[in-house]
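What follows is one structure encoded as structure tokens, with my remarks underneath.
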Amino acid sequence: MGFLSPLWLWALAAIALPVALHLLSRGRGRRVQLASTRLLPSALSLRGRRLSPSDMPLLFLRTLLLAAVGLALAGAWWQHAATSTAGSWLLLEPGVRTAATGQAAERLGRWRSEAREVRYLAPGLPGSEPATDRLSPDAWSLLLEADRAAPPGVELRVATRGRLGELQGERPALTHAVSWLAVPATGAERALIAAGPWTGSSVRGIVETTVAAGSRVTTVDLPPGTTRAGLVAVQTGNHVSLALDGAPALAVGASTLLTLALHADAAHAASAAVWLAACEVAGRALGASATRVEQPAGAAVRLWLDDRAPPAEWASGNGVLVTEAPSPGVPCFGSAVAEGEPIVVQRCEEGAAGTAGAAEWRTAGGSALIQESVAGSLRTWHLRTRAAGEWSNLALGDTLPRRCAAWLAAELARRGELVAMSRFDRRSVADEQRVPRRSTNAAGASARREDLSSWLWLVAAALAFAERSRARRIG
Amino acid sequence: MTLPSSRLLDPATLAGIKDLRLVAKTVVEGFLSGLHVDPRPSAGAEFSQYRSYGPGDDPRRVDWRVYARSDRFFVREAETERDVTIRIVLDASASMAHGGVSGQALSAFDYARFATAALAYLVTTQGDALALHAVTGGAVLDVDDRRREHSLTRALQLLEHLNPAGAWPSVDEILPHVARHRGRQLVLVLSDLWEQADELRRTVLTLRALRHEVLVLHVMSRADLEFPYQGDAVFEDRETGATVAGNGGGLRAGYLTSLESWLEDWRRTLLEHGVAYQRIVTDEPLEQALRSFLQRRRLLP
């Protein structure tokens with residue numbers, strides 16, 4: 066048995082409460098002297114068992130109820146034992162073999178020797194390593210394809226450089242047992258995470274350089290038509306497009322005080338929603354309003370962070386302008402794009418009390434929760450996402466939210482505010498994949514994970530009903 | 232005959248009277264209309280009347296002097312002088328300390344003590360011999376001598392200093408005190424009848440087997456009868472210290488059921504062995520309870 070939120074196991078300590086009450090009620094209480102108690106035992110056999118709270122069945126009911134609730138909150142799941150030795154399929158992210166070192170390489174070698182089939186996570190699931198080592202944006206789709214292609218009972222073993230777990234898109238329900246190997250990324254990676262403002266003579270590009278030890282954000286100001294530190298600025302009409310090392314450009318509108326342009330594809334749709342939410346919080350902190358322009362699937366998602374309306378060009382062409390939220394006072398960003406289907410914003414609401422600012426965006430595909438808490442002069446953002454009913458801390462890896470966070474940190478630090486971005490430890494890909502998914506094709510599955518939470522909630526409800534009935538009988 | 236209620240003393244009022252003799256006198260005068268006289272005609276020294284000799288009369292009872300004067304047979308009748316010892320066995324075990332929950336009702340012991348004092352007063356007033364045996368702390372304290380003029384005083388002194396304690400001892404320890412005199416006697420037992428095994432039952436039945444006339448006055452508190460306790464509590468046996476934890480409301484129905492069968496068992500057992508039994512509750516006026524009891528036993532005219 067495993068747990069998605071093991072911290073909730075501390076809730077099991079609440080079991081001690083009814084036990085303590087039971088023990089205390091046995092030894093304490095009002096003492097009444099009787100001439101004789103010889104008639105009481107026979108009475109006890111009839112109704113004395115209904116004593117409360119020293120009633121033993123009631124104690125067991127309450128204990129089981131608390132245990133069921135605690136386990137359900139902890140997200141218990143159960144791994145069915147494999148019933149066959151059908152072998153395994155090894156799915157490799159391109160380039161992961163060369164990146165693996167040490168124990169990861171040793172384990173990867175063992176997996177290769179044990180695998181019945183070795184495929185690469187690239188279009189067509191080729192058996193040989195493709196030329197590019199870039200992770201396909203449709204990695205989840207490829208994994209689903211492999212899941213469908215693999216014979217029943219085969220275990221899927223996936224080795225990635227850790228980036229697959231950062232994909233916050235809608236994950237497929239897999240029928241095969243999946244084991245994961247996260248190979249730590251090596252070397253530095255650079256990404257253009259923001260651009261702007263364009264003052265008319267120069268534009269600012271914000272580059273994040275990610276290394277194993279962390280990340281560094283650098284700001285480069287360059288006039289259009291020039292290249293500096295790998296950044297290329299090209300003016301096209303009223304926009305200035307920036308590109309870094311040939312990566313897709315971010316467009317910056319003219320006369321924009323501070324424009325932040327993001328790029329998110331379909332696989333990053335949920336992440337983009339979180340990103341946008343985080344930036345909205347930042348926008349409020351910076352005193353600016355945020356407007357978002359959404360492009361169709363596969364295209365860029367851009368954010369306008371300004372007091373004024375975004376350029377008309379953003380709303381024209383193939384873009385869709387998403388306006389402010391329907392709930393007054395709580396800005397919500399509308400639909401992100403997931404696999405071509407818009408995620409409809411269902412509800413916008415303020416977050417938990419006690420936080421300086423919090424908002425939750427709930428969409429059909431998941432939720433994003435941004436909490437802004439202030440403790441003294443320290444302001445902290447907590448970014449959490451929810452997919453398939455499971456909350457998870459945002460992975461601050463080489464992802465858009467992290468870029469946003471880094472940018473926020475840099476921008477707010479520049480403005481003189483002390484900022485601490487809450488950096489959650491990135492969980493391994495294997496941990497990420499412990500989100501249980503009930504098999505949709507049980508016929509071929511010999512090993513699968515079962516989510517016990519829903520069953521535990523049912524058990525807890527039944528126990529609560531039984532507890533109420535018994536307590537009512539006791540009076 | 233029922234006494235007017237204005238003449239009845241509330242048990243709580245009795246409890247306020249410190250002088251036990253006064254209590255006894257007050258109670259007895261509440262129902263005593265005259266000294267007890269056995270109305271049954273019989274031979275004796277105290278002349279009562281003459282009547283005509285009839286078939287079945289003992290010829291030795293014919294008064295020959297009257298025959299000499301009247302030439303008719305008359306039989307001389309006289310009042311009987313009853314000279315029996317009335318033994319009162321008072322249960323002063325710890326269970327008798329149980330009283331009402333109201334705080335105003337008498338405990339079973341106090342009620343029985345007042346009743347004992349009243350009965351002792353009545354017995355001595357009638358000229359009968361009194362013996363008092365108080366069972367307390369597993370022992371028996373006696374007031375038992377033939378000097379009738381002092382027996383009441385000593386009995387009242389004993390009652391005043393008596394405190395309920397311990398449990399009812401075995402029959403072997405009681406009999407040497409209660410049944411040491413030969414001859415048929417009247418034994419009056421005042422008790423709550425709570426026992427650990429059957430020691431009290433065996434005592435009563437043994438006395439009866441010894442051909443004594445035994446009367447049991449079962450003194451119960453209202454709390455014993457109704458079990459008015461509510462909520463969770465630890466119920467403690469006054470004699471054994473045994474505890475039962477439970478909810479008063481939840482235990483009541485079972486307790487009352489068991490109590491009913493227990494009372495019925497006592498009543499049936501005593502009646503089957505010819506032992507008179509009467510239950511009195513400590514919140515009833517004492518004079519009324521005693522009068523009812525004594526009238527039933529024909530100890531009052």
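So the protein lines, in turn, are chains A and W.
Taking my numbering, the leading residue of the first sequence gets 66, the next gets one more, and so forth.
Taking my numbering, the leading residue of the second sequence gets 232, the next gets one more, and so forth.
Cβ atoms here follow ideal geometry from the backbone N, Cα and C, with glycine treated the same way.
These numbers come from a predicted model, not from an experiment.
Item	Value
Determine which residues of the region 453–464 of chain W have a Cβ less than 9 Å from any Cβ of chain A, and write them out in chain order.	A454, D455, F458, Y460, G462, D463, A464
Mapping the DSSP letters down to three states, classify R442 of chain W as helix, strand or coil.	coil
Ordered along the chain, which non-local residues of its own chain (more than five positions away) have a Cβ less than 6 Å from that of A495 of chain A?	The pLDDT assigned to A495 of chain A is 30, lower than 50, so where the model puts this residue is not dependable; a value taken from the coordinates is nonetheless given after this. Counting only Cβ-Cβ distances below 6 Å, and skipping sequence neighbours, we find W245.
Compare the C-beta of S518 of chain A against all C-beta atoms of chain W and say whether one is closer than 8 Å.	no
Run down chain W in chain order and give the residues with a C-beta less than 9 Å from the C-beta of Q98 of chain A.	A328, H329, F466, E467, D468, R469
From G485 of chain W to L105 of chain A, what does the alpha carbon distance come to, in whole angstroms?	8 Å
Beta carbon of F305 of chain W, beta carbon of S324 of chain W: below 8 Å?	no
Go to H364 of chain W, then tell me how far its beta strand (DSSP E) extends in each direction, as first and last residue.	360–367
Please work out which residues of its chain come closer than 6 Å, Cβ to Cβ, to A520 of chain W, disregarding the five sequence neighbours upstream and downstream, and give them in chain order.	I511
Just to check my reading of the structure: H364 of chain W and H408 of chain W have Cβ atoms closer than 8 Å, yes? What is that Cβ distance to the nearest angstrom?	5 Å
Comparing alpha-carbon positions, which option in A:W73, A:A85, A:S534, A:P216 lies nearest T240 of chain A?	A:P216
Buried or exposed: W399 of chain W, going by 16 or more other Cβ atoms within 10 Å of its Cβ?	buried
I'd like the span of the alpha helix (DSSP H) that includes R96 of chain A, first residue to last.	No alpha helix (DSSP H) contains R96 of chain A, which is instead part of the beta strand (DSSP E) from 95–99.
I'd like to know whether the C-beta of S401 of chain W is nearer than 8 Å to at least one C-beta of chain A.	no
The region 412–437 of chain W: which residues have C-beta closer than 9 Å to a C-beta of chain A, in chain order?	D423, W425, E426, Q427
Per DSSP, which one or two residues make a beta bridge with Q509 of chain W?	W:L448
Could you give the DSSP three-state label for R492 of chain A: helix, strand or coil?	Reliability of the predicted coordinates at R492 of chain A is poor, the pLDDT of 28 falling under 50, and the value obtained from them is presented with this limitation in mind. Three-state result, R492 of chain A: coil.
Is the Cβ of T102 of chain A closer than 8 Å to any Cβ of chain W?	yes
Hey, how far is the Cα of S523 of chain W from the Cα of T500 of chain W?	22 Å
Would you call the CB atoms of V243 of chain A and A224 of chain A closer than 8 Å?	no
Please return the same chain residues whose Cβ sits closer than 6 Å to the Cβ of G480 of chain W, not counting the five positions on each side in sequence.	Q461
Alpha carbons only, please: which of A:E158, A:T166, A:A165 is nearest the one belonging to P188 of chain A?	A:E158
Taking 8 Å as the cut-off, decide whether the C-beta atoms of L186 of chain A and L208 of chain A are in contact.	yes
Please state whether the Cβ-Cβ distance between L126 of chain A and A531 of chain A is less than 8 Å.	yes
Can you round the beta-carbon distance between G135 of chain A and L77 of chain A to whole angstroms, since I take them to be within the 8 Å contact cut?	4 Å
For S266 of chain A and A180 of chain A, what's the separation of their Cα atoms in angstroms?	58 Å
Given a cut-off of 8 Å on the beta-carbon distance, is the pair R560 of chain W and D288 of chain W in contact?	No statement about residue 560 of chain W is possible, as the shown extent of chain W runs from 232 to 532 and does not include it.
Here's the rule: buried if 16 or more other CB atoms are within 10 angstroms of the residue's CB, otherwise exposed. What is M451 of chain W?	buried
Just to confirm, is the Cβ distance from W154 of chain A to E182 of chain A under 8 Å?	yes
Assuming Q98 of chain A contacts R483 of chain W under a Cβ cut-off of 8 Å, what Cβ separation, rounded to an integer in Å, is found between them?	Wrong, their Cβ atoms sit about 17 Å apart, outside the cutoff.
Shorter than 8 Å from the beta carbon of W493 of chain W to some beta carbon of chain A?	yes
Going by beta carbon distance, what residues of the same chain come within less than 7 Å of A133 of chain A, once the five residues before and after it are set aside?	L521, V524, A525, L528
Would W75 of chain A be called buried (16 or more neighbouring beta carbons within 10 Å of its own) or exposed?	exposed
Taking Cβ positions, are L393 of chain W and R344 of chain W nearer each other than 8 Å?	yes
Which chain W residues are close to R95 of chain A, counting only those with a beta carbon under 8 Å from its beta carbon?	G462, D463, A464, V465
Could you tell me if E518 of chain W is buried or exposed, where buried requires 16 or more neighbouring beta carbons within 10 angstroms of its beta carbon?	buried
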